[in-house]
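Visitor: Structure provided below as structure tokens; questions to follow.
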Amino acid sequence: MAEFTVKDHRQEEDLFLRRGLIAGVLVIVALVAVVLRLVQLQLVRHDHFTPLSQDNAVKLEPIPPTRGRIFDVNGVLLAENIPAFSLELIPEKVGDVAGTIERLKGVLPITEDDVRRFKRLRKQSRPFDTVPLRVNLTEEEVARFAVVGHFFPGADIRASFMRSYPLGQDTAHVVGYVGRINEAELKEISSSEYRGTNFIGKTGVEKSYEDLLHGRVGVQEVEVNARGRVLRVLESHPPTSGYDLHLYFDVGLQQEAIEALGEYTGAVVAIEPSSGGILALASRPSFDPNPFVEGIGTEAYQQLRNSKDRPLFNRAIRGQYPPGSTIKPFIALAGLETGSIGYTATRYCPGHYQLPGQSHQFRDWRKGGHGSVDMNRAIIESCDVYFYDLARNLGIDQLAKSLGGFSFGRKTGADIYGELGGVLPSREWKRASRGQDWFPGETLIVGIGQGTFLATPLQLAAATATLANRGRYLQPRVVKSMEVPGSNEPPKPPPAEVTQIPITKSKNWEDVIRSMTSVIESERGTAHRIRSPSYRIAGKTGTAQVFSVGQNESYNEKRIAKHLRDHALFIAFAPAEDPKIAVAVLVENGGHGGSVAAPIARRVMDRYLQGRQLVAAGR
Amino acid sequence: MPIPASMLRWGLPPESREGGFFARIHLDLPLLTGLLLLCGFGLIVLYSASDQSSSQVERQVLRLLLALVVMVALAWVPPDQMRRWAPWLYTGGVLMLVAVLAIGDIGKGAQRWLDLGVLRFQPSELLKLAVPMVLATYLSRRSLPPTYWRILAAATMTLVPVVLVAKQPDLGTALLIASAGVFVLFLAGIRWRLIFALAGLGAAVAPVLWYFMRPYQRQRVLTFLNPETDPLGTGYHIIQSQIAIGSGGMYGKGWFNGTQSHLEFLPERHTDFILAVLGEEFGLIGIAVLLCMYLFIILRGLYIASRAPDSFGRLLAGGLTLVFFVYVVVNSGMVTGLLPVVGVPLPLVSYGGTSLVTIMASFGVLMSIHTHRKLMPT
């Protein structure tokens, strides 16, 4: 036994010695390879590298490109670059960073927020990178620092361009803003393209067109002295500026929409049906994007975050609301096109609807019912019972298919970063999201646009524009064209996706649109009050339930807390016969679509259709 | 690879020879001398690379002293004790890696640090020691060469921390930990057939790795293949360090006279790219001297491994030595443009504390193995 162990031990040692020997040989071979490489670099190619190192008094420096500007349809500047001065430190050269900051506080008004931001940025950068401490210095502050600057080695004033949004709040939800590049973004971008660039689009057009706005970095060869100071520029490959963007967006219309919303929270989206161009996209309340560029202070940010009106929340593209009765024209159209019902066929509305064999009563908004209604009256008066019945006949699968063509339930693909897709309920959706089967009662609720059905104001506007276009769906676009200063060949913005909804009979579309004009023109129409003498409007009111009313209760606006009140909705396009503008209005807790949302849409359409005439008439 | 058994022991002294004062205080004089010479040489280069910043050199000296204390302390720990620690050290290290991924501070785009209050600690460094220890413990428990199942188990023990570290993402350290596992297995005597098969498999799988790389890692590979494509970005390192070395020539430009280094053309010149400073200022001669020191230390380490009384000591000492070798080859390979850029410092010369302590600790382990010898039954 003992002998066996000893023999085993010996054998293992032999095995190890063999392997150790091979490893030793490997070590020597590898080190010889390194030496051979060094011989190649240092002896054979020495004459090649020597001049290179001498010329290396020449250093390559990046020249960051100028970010493209953003203009509205009339050439009003929405985003520009303004020169700004900032105080920056190079931690490696400063040495005692904390002490230097303390001493600098005696010279410049450095706040706690500045110091916090500095610490955050410093963590993300290398010790020899320059890190801003105080930004947006006034000229007086620049002068004050210049006097004592030599006491602060490693601290320097730098001039650079800062992004600025002259119209601030009015355009924040469309244009978005840029901010300092964070670590997550750093991994996504090409580090050489962004050398020298500190800012990147965070939201809105600034983000969705980041690649085009940014431009291409330039390089300059500079001669430096022994301390690295630039003596002169030898050769320079200038950067290519980013593209200037021109939008469909009209600031005047946007301001009209914001004014029309008044004190309400809500959203207005206006689209030009012929192009899919987004003319206005308002979300109230809004915020000033300018402080975000250099990093907003913690306190100010918390204030925005915690405000109960949520000004940072872009209701127009991220707010998902039940479309309510505004969905009815689309469902009516589906009924006609599939032959489920005729335009003149009538249904009796007793004020409620029941599925066979079930006791649950689906109520109509009018307690006593509408009596015998055809499709025209059902749209004008927004009869719920008619649409319960139609939805039931169509079935959820057909409903999901027909409404899907109008981009409900999926993102429109508009070129504003961050939109949400809403929810178009269907069997598949319910199984995937809740793991449950579809109940027949839910189909009825979809028929009046309530329940789990959710759409963004942008989706509603796009769907309305598609209706106005007689089925031609144009992906909404905010960027109309782009240009590079000094270039003759303007590049084309990415083409919008265009699809045509299959049409069975074009009369069906005209019938539905005629009924929508009656919503405004008929005495009994739910939006009769916004009738315009100068052009015809086709529209539909809607109310989205926030608060569900029990079977035996009734909804009483005055008794319900404001934040539980219904959302008011209105969709419209005009002129009905030759649509120039399609609008969707959502007013949170506004109550009735006809009385609150419709007048806002009217003001926007007036401004767009008549304001232009006024301009044309020379007024 | 048939090497006659009779030739294997040529030149090796009889086992009972070691003794004397240094053995009694558990130090190995040749190894210690080599290490101190290397560190001294490193400080000379660092003084120039840091633009004659005495504060940086002082800080490095303090770290060096700390590392030497750790080395001596570990040299006093008997190998049997390490064998008992190994599983705990390994398990603890892996758990800490998981903790780092979950809560770790985000610094330099990589989650590597665990803030322990007084000092920031990189658990991945611990694994550079723990992986060879636990593998040596595990494999030496049964007779060698190991069975396929034991190889599989050992490979898994290596891969878990490697994947965790690579996720941080710290490719350099992941590579070093992986090489520790590979070398311990190699020394344990796994079949050549298996080695070649795995190498072939590795070559086949390499393109698949591409899809798992982060953008900046792909960029590094691309610029390694053609540095000129990105002269401002990653390619800059490679180009500038080759210019520095190449212009150094045979004898170098002299101490403090490296233009590349002192005009700030060479990024990270006192950390990962310090070899380029050496090459520029002391030329081929300077680097050759440095490489000779490394060669001496590595060969001494392999010698210690071969003289170890049991398989545990042999595998551990050999594995640790070869990890040190990987440091040298990967760093000099990347600085000279033979290998892509991965964050591996030049051992004992680059500025920075964490790797210094780990490396010295591993030499402490070597010295312990060499100076704690049981009396073998004859």
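Note that the protein sequences, when read in sequence, are chains A and B.
In this text, residue positions in the first sequence follow our numbering: the first is 79, and each later residue adds one.
In this text, residue positions in the second sequence follow our numbering: the first is 368, and each later residue adds one.
The beta-carbon is built from N, C-alpha and C at its ideal position, and this holds for glycine as well.
Below 8 Å, how does it come out for the region 612–626 of chain B and the region 690–699 of chain B: are there three or more Cβ pairs, yes or no?
Guide: no
Visitor: Assess contact between the region 723–732 of chain B and the region 436–449 of chain B, defined as three or more Cβ pairs (one per stretch) separated by less than 8 Å. Is contact present?
Guide: yes
Visitor: Which residue marks the beginning of the alpha helix (DSSP H) containing Gln476 (chain A), and which one marks its end?
Guide: Its alpha helix (DSSP H) spans residues Asp462 to Gly482.
Visitor: Between Gly254 (chain A) and Phe465 (chain A), what straight-line distance do the alpha-carbon atoms span, to the nearest angstrom?
Guide: 40 Å
Visitor: May I have a chain-ordered list of the beta strand (DSSP E) segments no shorter than 3 residues that lie completely inside the region 134–167 of chain A?
Guide: 136–141 and 155–167
Visitor: Name the residue from A:Gly293, A:Leu433, A:Pro244 and A:Gly173 whose alpha carbon lies nearest to the alpha carbon of Tyr38 (chain A).
Guide: It is not possible to answer for residue 38 (chain A), since the shown part of chain A is limited to 79 through 697.
Visitor: So which residues on chain A does Ile612 (chain B) lean against when the C-beta distance must stay under 8 Å?
Guide: Leu116, Leu119, Gln120 and Phe127
Visitor: DSSP has Glu561 (chain A) in a bridge; who is on the other side?
Guide: A:Asp322
Visitor: Here's the rule: buried if 16 or more other CB atoms are within 10 angstroms of the residue's CB, otherwise exposed. What is Cys461 (chain A)?
Guide: buried
Visitor: Does the Cβ of Phe563 (chain B) have 16 or more other Cβ atoms within 10 Å, making it buried, or fewer, making it exposed?
Guide: Only exposed fits Phe563 (chain B), as fewer than 16 other CB atoms lie within 10 angstroms of its CB.
Visitor: I'd like the ranges of any alpha helix (DSSP H) spanning at least 4 consecutive residues and lying wholly in the region 543–578 of chain B.
Guide: 559–576
Visitor: Determine the chain A residues that contact Phe692 (chain B) at a beta-carbon separation under 9 Å, and present them in chain order.
Guide: Going along chain A in sequence order, the residues near Phe692 (chain B) (Cβ under 9 Å) are Ala101, Leu104, Val105, Ala108 and Leu109.
Visitor: Helix, strand or coil for Lys475 (chain B)? Go by DSSP, reduced to three states.
Guide: Note on Lys475 (chain B): pLDDT 40, under 50, position unreliable in the model; the coordinate value appears next. Note: Lys475 (chain B) maps to coil in three-state DSSP.
Visitor: Apart from the five residues on each side of it in sequence, which residues of its chain come closer than 8 Å, Cβ to Cβ, to Phe679 (chain B)?
Guide: Pro446, Arg450, Ala503, Thr504 and Ser507
Visitor: For the region 243–259 of chain A, list every residue whose C-beta sits within 7 Å of some C-beta in chain B, in sequence order.
Guide: none
Visitor: Compute the Euclidean distance between the alpha carbons of His126 (chain A) and Asn260 (chain A), then round it to the nearest angstrom.
Guide: 40 Å
Visitor: Report the rounded CA-to-CA distance for Arg674 (chain B) versus Ala570 (chain B), giving the unit in angstroms.
Guide: 35 Å
Visitor: Under 7 Å, Cβ to Cβ, is there at least one residue of chain A near Gln627 (chain B)?
Guide: Against chain A, the CB of Gln627 (chain B) has a partner CB under 7 Å away; the residue lies at that interface.
Visitor: So with CB distances below 9 Å, who are the chain A contacts of Phe794 (chain B)?
Guide: In the structure as shown, chain B begins at 368 and stops at 745. Residue 794 (chain B) is therefore absent and cannot be evaluated.
Visitor: Taking any Cβ of chain A, which residues in the region 704–723 of chain B have a Cβ under 9 Å from it, in chain order?
Guide: Gly704 and Leu705
Visitor: In or out: Leu481 (chain A) buried (at least 16 other Cβ within 10 Å) or exposed?
Guide: buried
Visitor: Identify whether Glu415 (chain A) lies in helix, strand or coil by the three-state DSSP scheme.
Guide: helix
Visitor: Between the C-alpha atoms of Thr626 (chain B) and Tyr414 (chain B), what's the straight-line distance to the nearest angstrom?
Guide: 15 Å
Visitor: Name the two residues that bound the continuous beta strand (DSSP E) containing Ile649 (chain A).
Guide: In this chain, the beta strand (DSSP E) harbouring Ile649 (chain A) covers His645 to Ala652.
Visitor: Suppose the cutoff is 6 Å on Cβ atoms and the five residues either side in sequence are ignored; what does the same chain contact list for Gln298 (chain A) look like?
Guide: Excluding sequence neighbours, Gln298 (chain A) sits near Glu139, Ile141, Val311 and Ser314.
Visitor: With a floor of 3 residues, list each beta strand (DSSP E) that falls wholly inside the region 160–234 of chain A, ordered by position along the chain.
Guide: Segments of the beta strand (DSSP E) lying fully in the region 160–234 of chain A: 209–212.
Visitor: If you run the structure through DSSP and keep just helix, strand and coil, what is Val732 (chain B)?
Guide: Three-state DSSP puts Val732 (chain B) in a helix.
Visitor: Tell me, please, whether the region 577–587 of chain A touches the region 337–349 of chain A by the rule of three or more beta-carbon pairs shorter than 8 Å.
Guide: no
Visitor: Rounded C-beta distance between Thr530 (chain A) and Val562 (chain A)? I'm assuming under 8 Å.
Guide: Not confirmed; about 47 Å, so no contact.
Visitor: Below 8 Å, can you find three or more Cβ-Cβ pairs linking the region 508–527 of chain A to the region 400–409 of chain A?
Guide: The region 508–527 of chain A, when compared against the region 400–409 of chain A, does touch it at the 8 Å Cβ threshold.
Visitor: Against chain B, with Cβ distances strictly below 7 Å, would Gly373 (chain A) count as a contact?
Guide: no
Visitor: Name the two residues that bound the continuous beta strand (DSSP E) containing Lys618 (chain A).
Guide: Ala616 to Ala622
Visitor: Please check if any C-beta of chain B sits within less than 7 Å of the C-beta of Phe94 (chain A).
Guide: It does: the Cβ of Phe94 (chain A) has a partner Cβ on chain B nearer than 7 Å.
Visitor: When the cut-off is 7 Å and only beta carbons count, does Ala569 (chain B) lie next to chain A?
Guide: First, the amino acid is wrong: residue 569 (chain B) is Gly here, not Ala. Gly569 (chain B) does not count as touching chain A.
Visitor: Assess, as a yes-or-no matter, whether the region 531–551 of chain A is touched by the region 377–389 of chain A under the definition of 3 or more beta carbon pairs within less than 8 Å.
Guide: Under the 8 Å Cβ criterion, the region 377–389 of chain A does not count as touching the region 531–551 of chain A, having fewer than three qualifying pairs.
Visitor: Could you pull the start and end residues of the beta strand (DSSP E) that Val252 (chain A) belongs to?
Guide: Counting along the chain, Val252 (chain A) falls outside any beta strand (DSSP E), though it belongs to the alpha helix (DSSP H) covering Ala250 to Val253.
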